[in-house]
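Below is one structure, written out as structure tokens; the observations come after it.
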Amino acid sequence: MSKSNSVYFLALFALATLLASCGSQKSSSGKGFVQLFNGENLDGWVGNKTSYRAEDGMIVIDPKGTGGGNLFTEKEYGDFILRFEFQLTPGANNGLGIHAPLEGDAAYVGKELQILDNTADKFAELQEYQYHGSVYGVIPAKRGFQNPVGEWNTQEVIVNHPNIKIILNGKTILDGDYLEASKNGTLDHKEHPGLQRSSGHIGFLGHGDVVRFKNISIKELTATK
Numbered sequence: 004m005s006k007s008n009s010v011y012f013l014a015l016f017a018l019a020t021l022l023a024s025c026g027s028q029k030s031s032s033g034k035g036f037v038q039l040f041n042g043e044n045l046d047g048w049v050g051n052k053t054s055y056r057a058e059d060g061m062i063v064i065d066p067k068g069t070g071g072g073n074l075f076t077e078k079e080y081g082d083f084i085l086r087f088e089f090q091l092t093p094g095a096n097n098g099l100g101i102h103a104p105l106e107g108d109a110a111y112v113g114k115e116l117q118i119l120d121n122t123a124d125k126f127a128e129l130q131e132y133q134y135h136g137s138v139y140g141v142i143p144a145k146r147g148f149q150n151p152v153g154e155w156n157t158q159e160v161i162v163n164h165p166n167i168k169i170i171l172n173g174k175t176i177l178d179g180d181y182l183e184a185s186k187n188g189t190l191d192h193k194e195h196p197g198l199q200r201s202s203g204h205i206g207f208l209g210h211g212d213v214v215r216f217k218n219i220s221i222k223e224l225t226a227t228k
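All letters in the sequence shown, in the order written, are residues 4 to 228 by this note's numbering.
Shown next as structure tokens:
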């Protein structure tokens, strides 16, 4: 093979490799997923836009004594796959509300999935259903899969009412049916009418601590309004 032909085939090989790489990146971003956060502002979100702000491609909750409050999607969602990254600060406590109305305590009128620094000393004696990834009051999540505080974590939440699966940093920490789990009463012995809801808003539920979120995307499995 001549030198010119050799260079030509090397160039073709490099181009093919690049195209394959681009195709892989496109696929890995997730077919059917759309961004819930545009990285620039809180358009598409409602609620506390004082404590929550858009900053450097992140949603940052910085309560500064306001208690935190909630930030919800304008749109309601039924069954879905939600992906996001979060960064905790020491002792941080937040929550992910799903199937929630805009009023009331989402942990009961909807469902709250815990977002919590499991390693904090002040949380050493919580109930099992209060640790990160748990369906609050109903199904406890496995512990031991969070990255060190200050590092980013990736999480995927798959909801097919009444089934829910949560994957944290590539490890399944919860996989269950919240109606089945509560048929003989909830673990916190409280009423959770929101367990019956099959659609509602998605939101971050602040408890007065700094937490950061980014790369928030969703794939709807059922169409909602």
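Even glycine gets a Cβ: it sits at the ideal position worked out from N, Cα and C.
Would you report the Cα separation of V49 and A95, rounded to the nearest angstrom?
22 Å
Ends of the alpha helix (DSSP H) at E128?
Looking at the DSSP string, E128 is not in any alpha helix (DSSP H), and its letter there is neither H nor E.
Between the C-alpha atoms of E131 and Q149, what's the straight-line distance to the nearest angstrom?
16 Å
Can you say whether S137 is buried or exposed, counting buried as having 16 or more other CB atoms within 10 angstroms of its CB?
buried
To the nearest angstrom, report how far apart L74 and K186 are at their CA atoms.
30 Å
Between V152, A127, V214, E194, which lies nearest to Y111 when the distance is taken from Cα to Cα?
E194
G212 vs N121 beta-carbon contact at 8 Å:
For the sequence presented, residue 212 should be read as Asp rather than Gly. Not a contact, by the Cβ cut-off of 8 Å.
Touch test, the stretch 159-176 against the stretch 77-90, Cβ-Cβ under 8 Å, three pairs minimum:
Touching, yes.
Tell me the DSSP secondary structure of L1 in three-state form.
The displayed coordinates of the chain run from 4 to 228. Any statement about residue 1 would go beyond what the structure contains.
At a cut of 8 Å, does the stretch 197-211 reach the stretch 97-107 through at least three beta carbon pairs?
yes
If you reduce the DSSP assignment to three classes, tell me which class Y111 lands in.
helix
Straight-line CA distance for G113 to Q199?
8 Å
So what does N73 bridge to, in DSSP terms?
Paired residue(s): L208.
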